[in-house]
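K.L.:
1 is the number of the first residue of the sequence shown in full-length UniProt numbering; add one for each residue after it. Even glycine gets a Cβ: it sits at the ideal position worked out from N, Cα and C. Have a look at this one before I ask anything.
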Amino acid sequence: MDIKAEKLNLIEQLARLEDIEIIQQIKELLSSQKEPIAGYKPDGGPITRSELIARARDANKAIKEGRVTSIEDLEKESENW
């Protein structure tokens with residue numbers, strides 16, 4: 001089962017759950033994550049806050065170094081795909 005299906009399965013189980021102690025344990029488990037999840041990759045995998053910040057820093061560095069592609073160049077390149 002992929003990650004999206006697993007999450008949907010958990011959501012369904014949580015929606016039916018009536019035991020407050022189990023709900024509290026789940027909340028504690030989620031809040032004890034070492035690093036908060038800031039988003040998700042296209043494949044459904046998590047992106048942590050530090051990963052997101054690192055990606056932003058890398059992107060800013062690439063821009064400063066001129067390692068960018070203009071829209072025009074990208075359009076020309078995409079004609080050959």
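#1: Quick one: what's got a C-beta closer than 8 Å to Lys41's C-beta in the same chain, skipping five residues either side?
#2: Return the CA-CA distance between Gln33 and Gln13, expressed in angstroms with no decimal places.
#3: I believe Ala38 touches Arg49 by the beta-carbon criterion, under 8 Å. Please report the beta-carbon distance rounded to the nearest angstrom.
#4: Looking only at its chain, what residues have a beta carbon closer than 8 Å to the beta carbon of Ile23, apart from the 5 residues adjacent to it on each side?
#5: Note down the Cα distance separating Thr69 from Asp43, rounded to an integer number of angstroms.
P.N.:
Inspection of the coordinates gives the following:
#1: Ile47
#2: 21 Å
#3: 5 Å
#4: Leu14 and Leu17
#5: 25 Å
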